[in-house]
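Protein chains: 2
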Amino acid sequence: MKGHYPSRAMLAGIDLGGTQVRVALARSDGHLVASIKTKTAMLATPQAMVDWAAGEIDRHRGREKVRSITIAAPGPIDIKRGVLVNPPNLPWQNVPLVAMMGRATGAKVQLANDADMAGLGEFHHGAGRGSRNMVYITWSTGVGGGLIIDGKLHRGAHGTAGEIGHMIIDPNGPLDNCGQRGCLEAFISGTALARETGHTAAELFAAAAAGDRQARSVVERAARYMGIALISLTNALDPEIFVMGGGVSRSWALVYPTMIETLRSSPFIKPARRPRLRRARLGDRAGQVGAVEWARINQ
Amino acid sequence: MKGHYPSRAMLAGIDLGGTQVRVALARSDGHLVASIKTKTAMLATPQAMVDWAAGEIDRHRGREKVRSITIAAPGPIDIKRGVLVNPPNLPWQNVPLVAMMGRATGAKVQLANDADMAGLGEFHHGAGRGSRNMVYITWSTGVGGGLIIDGKLHRGAHGTAGEIGHMIIDPNGPLDNCGQRGCLEAFISGTALARETGHTAAELFAAAAAGDRQARSVVERAARYMGIALISLTNALDPEIFVMGGGVSRSWALVYPTMIETLRSSPFIKPARRPRLRRARLGDRAGQVGAVEWARINQ
Chain A
11 MKGHYPSRAM
21 LAGIDLGGTQ
31 VRVALARSDG
41 HLVASIKTKT
51 AMLATPQAMV
61 DWAAGEIDRH
71 RGREKVRSIT
81 IAAPGPIDIK
91 RGVLVNPPNL
101 PWQNVPLVAM
111 MGRATGAKVQ
121 LANDADMAGL
131 GEFHHGAGRG
141 SRNMVYITWS
151 TGVGGGLIID
161 GKLHRGAHGT
171 AGEIGHMIID
181 PNGPLDNCGQ
191 RGCLEAFISG
201 TALARETGHT
211 AAELFAAAAA
221 GDRQARSVVE
231 RAARYMGIAL
241 ISLTNALDPE
251 IFVMGGGVSR
261 SWALVYPTMI
271 ETLRSSPFIK
281 PARRPRLRRA
291 RLGDRAGQVG
301 AVEWARINQ
Chain B
11 MKGHYPSRAM
21 LAGIDLGGTQ
31 VRVALARSDG
41 HLVASIKTKT
51 AMLATPQAMV
61 DWAAGEIDRH
71 RGREKVRSIT
81 IAAPGPIDIK
91 RGVLVNPPNL
101 PWQNVPLVAM
111 MGRATGAKVQ
121 LANDADMAGL
131 GEFHHGAGRG
141 SRNMVYITWS
151 TGVGGGLIID
161 GKLHRGAHGT
171 AGEIGHMIID
181 PNGPLDNCGQ
191 RGCLEAFISG
201 TALARETGHT
211 AAELFAAAAA
221 GDRQARSVVE
231 RAARYMGIAL
241 ISLTNALDPE
251 IFVMGGGVSR
261 SWALVYPTMI
271 ETLRSSPFIK
281 PARRPRLRRA
291 RLGDRAGQVG
301 AVEWARINQ
């Protein structure tokens, strides 16, 4: 409308997952006003995804302008060029998402790593609230993470900080899909556990919950490996808190006791500096919440 | 002198090592004007050390006041209370160094971890200049480090970030002095190498330099373990550069090729995001230079 100036601009966060795409709309102060999702499989092409998200944003923005949008996407992504490279869970390659979404909305658009955004969401609005130094870990099909250092997301020199699943836990361990030997992921990712047991990770955790001894033993060993990674991360980074999300965190009672026991077993990490270990609170919404926060920070 | 106001205040950095104590005096902009050292063994008590350092500072400050002093000391230290707890290389326990030095000089005094200060020195004035994200590693009797994140020293939530020697490299490895099993230190610290070979680390590296095959093989294995730690740190932190100091870095030609080859062997760490690996430049002066810098930042 000519001559009309919006009272304030809005923000949007888009979480592009292998199963679902989620869009959140927020006021300029970060307060959410709408949250919409659809199945990724319904959006046949990147352009269809962009059109759907832009349409939802347009439908919910009212008379406000949307100033800043962050798209959280699975790596590898090229943050500088705004390109989705070749995500393992999506059949899309070298998609210039930032340019496409910018054309569709007129907003400033940024691409960000989905685990970073989930960590940022948990830090500002979930289990990490009130801390200054937090390590977010997502444990599901893969193992990823995001680092909050002194109150700010640390993306690293090339945007790839927080690749916790690719820390080497045992140099004589199995070969991971990434090509490294003995990565944390090679031992404990959902994919690795499924390969090892011949069951899906969901079946394995269900069996462990039902008391199956062999399933329990596999889950406990995985939790012990994660605990070892927590020790290394504590010694390297000295965080106040670990926040853990992802599918495995739904089976918290199965993994938490062994993880915290392993962390406590280190005599070098005295109780006074031992980080807390908490389950994520925002569930599947963490990515979109963090993406809105990132859009706010970088608007 | 009554009625005299100094034109500008000065800074001092003190590096309290097991072998030498070093004092550096600088103008308020960080420019060094004096550097003095003595043997730690000459200073029988903490008070003697404080008196010597305060005397040297007083002797070199001219008509200027010294506003801010940082003491770099080996851990464990209590940064908040300003207390040296029980350093492994000094026969001193629970020494309230900050209070003592404050009384002796009238300056604002801070205590800091020596590896953090060496890292800060290398970042501002040594091999890390021009970077924003740097991991400093000191490899000698023990293995320690300091993290520079986005241009700032990251000390962590409890001042213990950068304990790189206590990252777990192999959970089935040997028991370290710290009580953890399979720490990097348990494999490659000077102490561990001496215990394993029955020679001092200096003898081992001299033999390797002279071409002794067995010594070379031990040194190469140690460098490979360090390379594995570099892979884990790269995936966790995504730094631009590793800077390595400490006694072992003097044998750079013996350890660098294996370390960089190991880092390059990771297919997950693509060349575009592979950090550089550089030898430290400031030698034994890194700690005092970093301490002056920290005194400047916190004046």
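Quick note, the sequences are listed as chains A and B, same order.
Whatever position you read off the first sequence (first residue = 1), add 10 for the numbering used here.
Whatever position you read off the second sequence (first residue = 1), add 10 for the numbering used here.
We put the CB at the ideal spot given by N, CA and C, even for glycine.
Because the structure is a prediction, the values reported are computed rather than measured.
Query - For glycine 156 of chain A, the residue or residues it bridges with in DSSP - result: Bridge partners of glycine 156 of chain A according to DSSP: A:Tyr146.
Query raised in the report: Can you name, in chain order, every residue of its own chain whose Cβ lies under 7 angstroms from the Cβ of aspartate 126 of chain A, other than the five neighbours on each side?
Result: Leaving aside the five residues that flank aspartate 126 of chain A on each side, the residues in its chain whose CB is nearer than 7 angstroms to its CB run, in chain order, Gly156, Leu163, Arg165, Gly172.
Query raised in the report: From what residue to what residue does the alpha helix (DSSP H) around histidine 135 of chain A run?
Result: Here the alpha helix (DSSP H) through histidine 135 of chain A covers 124-135.
Report task. Rounded to whole angstroms, what's the CA-CA distance from threonine 148 of chain B to aspartate 222 of chain A? Just pull it up for me. Result -> If you take the alpha carbons of threonine 148 of chain B and aspartate 222 of chain A, they lie about 47 angstroms apart.
**Report entry** alanine 357 of chain B and isoleucine 24 of chain B closer than 8 angstroms at C-beta
**Finding:** In the structure displayed, chain B extends from 11 to 309; residue 357 of chain B sits before or after that span and is not available.
Requested in this report: Quick one: grab the DSSP three-state call for valine 95 of chain B.
Outcome: Coil.
Query raised in the report: DSSP state of methionine 11 of chain A, grouped into three classes?
Result: Annotation note: pLDDT 41 at methionine 11 of chain A (below 50); position unreliable, coordinate value reported separately. Coil at methionine 11 of chain A, not helix or strand.
**Report entry** Bridge-paired residues (DSSP) for alanine 82 of chain A
**Finding:** For alanine 82 of chain A, which the question treats as bridged, DSSP gives the partners A:Asp25, A:Ala122.
Requested in this report: Please state if the CB of leucine 203 of chain B and the CB of alanine 232 of chain B are separated by a distance shorter than 8 angstroms.
Outcome: It is a contact, given that the beta carbons lie within the stated cut-off.
Query raised in the report: Using the beta-carbon of each residue, which ones in chain A are nearer than 9 angstroms to glutamine 103 of chain B?
Result: The premise fails here: glutamine 103 of chain B is roughly 16 angstroms from chain A at the closest Cβ pair, so nothing lies under 9 angstroms.
Query raised in the report: What are the boundary residues of the beta strand (DSSP E) that serine 318 of chain A is part of?
Result: The structure shown does not extend to residue 318 of chain A, since chain A is modelled only from 11 to 309, so the question has no answer here.
Query raised in the report: Mind checking whether glycine 192 of chain B and glycine 183 of chain B have CB atoms under 8 angstroms apart?
Result: The answer is yes: Cβ separation under 8 angstroms.
Query raised in the report: Taking the C-alpha atoms as reference points, what is the distance between serine 17 of chain B and alanine 246 of chain B?
Result: At serine 17 of chain B the pLDDT is 49, less than 50, meaning the model places this residue with poor confidence; the figure from the coordinates comes in the next sentence. Their Cα atoms are separated by approximately 46 angstroms.
Query raised in the report: Nearest-angstrom Cα distance between leucine 94 of chain A and threonine 268 of chain B?
Result: Spanning the two alpha carbons is a distance of roughly 34 angstroms.
Query raised in the report: Whose C-alpha, out of A:His70, A:Gly112, A:Arg32, is nearest the C-alpha of leucine 53 of chain A?
Result: Among A:His70, A:Gly112, A:Arg32, the Cα nearest to that of leucine 53 of chain A is on A:Arg32.
Query raised in the report: For glutamate 303 of chain B and chain A, any beta-carbon pair shorter than 8 angstroms?
Result: Not a single CB atom of chain A sits nearer than 8 angstroms to the CB of glutamate 303 of chain B.
Query - Per-residue contacts from glutamate 250 of chain B into chain A (C-beta, under 7 angstroms) - result: Those within 7 angstroms of glutamate 250 of chain B in chain A are Ala167.
**Report entry** Candidates B:Ile179, B:Ser259, B:Ala296: closest to arginine 288 of chain B by CA position
**Finding:** It is B:Ser259.
Query raised in the report: Any beta-carbon of chain C closer than 8 angstroms to the one on threonine 151 of chain A?
Result: Considering every chain present, this structure includes no chain C. Its protein chains are A and B.
Query raised in the report: Would you say alanine 189 of chain B reaches chain A, if we count a Cβ-Cβ gap shorter than 8 angstroms as a contact?
Result: Reading off the sequence, residue 189 of chain B comes out as glycine, not alanine. Put simply, the CB of glycine 189 of chain B is near chain A, with a gap under 8 angstroms to one of its CB atoms.
Query raised in the report: Which bits of chain B does methionine 177 of chain A rub up against, with CB to CB less than 9 angstroms?
Result: Within chain B, the residues whose beta carbon sits less than 9 angstroms from that of methionine 177 of chain A are Met177, Ile241, Ser242, Leu243, Asn245, Ala246, listed in sequence order.
Requested in this report: Can you tell me which of the three DSSP states arginine 37 of chain A falls into?
Outcome: Three-state result, arginine 37 of chain A: coil.
Report task. Consider the Cβ of glutamate 66 of chain A: report whether some Cβ of chain B lies at a distance smaller than 8 angstroms. Result -> Cβ-Cβ to chain B under 8 angstroms: no for glutamate 66 of chain A.
Report task. With 8 angstroms as the threshold, decide whether the Cβ of isoleucine 142 of chain B is near any Cβ in chain A. Result -> Inspection of the sequence shows that residue 142 of chain B is occupied by arginine rather than by isoleucine. By the rule that beta-carbons nearer than 8 angstroms mark a contact, arginine 142 of chain B touches chain A.
**Report entry** Residue range of the unbroken alpha helix (DSSP H) whose run includes glycine 255 of chain A
**Finding:** Judged by DSSP secondary structure, glycine 255 of chain A falls outside any alpha helix (DSSP H) and instead within the beta strand (DSSP E) spanning 251-255.
Query raised in the report: Given that phenylalanine 278 of chain B touches chain A, what residues does it touch there, using C-beta distances under 7 angstroms?
Result: In chain order: His176, Cys188, Gly189, Gln190.
Query raised in the report: Curious, which full-length alpha helix (DSSP H) runs of at least 4 residues does the region 173-246 of chain A contain?
Result: Taken in chain order, the unbroken stretches of alpha helix (DSSP H) that lie wholly in the region 173-246 of chain A and span 4 residues or more are 194-198, 200-207, 211-219.
Query raised in the report: Does isoleucine 158 of chain B have its Cβ less than 8 angstroms from a Cβ in chain A?
Result: Not one chain A Cβ lies under 8 angstroms of isoleucine 158 of chain B.
Requested in this report: Would you check if there are 3 or more beta carbon pairs closer than 8 angstroms linking the region 96-103 of chain B to the region 133-150 of chain B?
Outcome: No, the region 96-103 of chain B is not in contact with the region 133-150 of chain B.
**Report entry** Whole-angstrom distance between glutamate 206 of chain A and phenylalanine 197 of chain A, CA atom to CA atom
**Finding:** Straight through space, the alpha carbons of glutamate 206 of chain A and phenylalanine 197 of chain A are spaced by roughly 9 angstroms.
Query - Proximity test, Cβ basis, 8 angstroms: arginine 283 of chain B and chain A - result: Between arginine 283 of chain B and chain A, the shortest Cβ-Cβ separation is below 8 angstroms.
Query raised in the report: Quick one: is histidine 70 of chain B near chain A, going by C-beta distance under 8 angstroms?
Result: At a cut-off of 8 angstroms between beta-carbon atoms, histidine 70 of chain B makes no contact with chain A.
Query raised in the report: Do histidine 176 of chain B and glutamate 195 of chain B have their C-beta atoms within less than 8 angstroms of each other?
Result: Inclusion of histidine 176 of chain B and glutamate 195 of chain B in the CB contact set at 8 angstroms is warranted, their separation being smaller than that value.
Query - Where proline 16 of chain B falls: helix, strand or coil (DSSP) - result: Its pLDDT being 43, under 50, proline 16 of chain B is placed unreliably by the model, and the measurement read from it follows with that caveat. Reduced to three states, the DSSP call for proline 16 of chain B is coil.
Query raised in the report: Can you name the residues that DSSP bridges to isoleucine 87 of chain A?
Result: Bridge partners of isoleucine 87 of chain A: A:Leu94.
Requested in this report: Step through the CB atoms of chain A and report whether any lies within less than 8 angstroms of the CB of proline 184 of chain B.
Outcome: No, proline 184 of chain B lies away from the interface with chain A (no Cβ there is under 8 angstroms from its Cβ).
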